[in-house]
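A.B. asks:
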Amino acid sequence: MANLGRLEKLQEGALDKLIEGLAKFSRKQWIEACALSLEAKWGACQVFCV
Numbered sequence: 285m286a287n288l289g290r291l292e293k294l295q296e297g298a299l300d301k302l303i304e305g306l307a308k309f310s311r312k313q314w315i316e317a318c319a320l321s322l323e324a325k326w327g328a329c330q331v332f333c334v
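Just so we're aligned, residue 285 is where the sequence shown starts under our numbering, counting upward by one.
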């Protein structure tokens, strides 16, 4: 197990900041970010193809 530093630093939220920083590299976060950037355009559908 890695050394995460002093207890005081962990209590100040240093571990939370570390986890938030690493979360951006997770696959789920990447997929959610891509999904938010998509633009759906809705309009009338074509019934007959020519």
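Don't be surprised by glycine CBs; every beta carbon is placed ideally from N, CA and C.
Is R311 helix, strand or coil by DSSP?
C.D. replies: As a first step, residue 311 is located in the sequence shown; it is residue number 27 there, counting from the start. In the structure shown, R311 sits in a helix (DSSP, three-state: H, G or I).
A.B. asks: CA-CA distance, G297 and C318?
C.D. replies: Position 13 of the sequence shown holds residue 297. Position 34 of the sequence shown holds residue 318. If I take the Cα positions, the gap works out to 28 Å.
A.B. asks: Please classify R311 as buried or exposed, where buried requires at least 16 other C-beta atoms within 10 Å of its C-beta.
C.D. replies: Mapped onto the sequence shown, residue 311 falls at position 27. So R311 counts as exposed.
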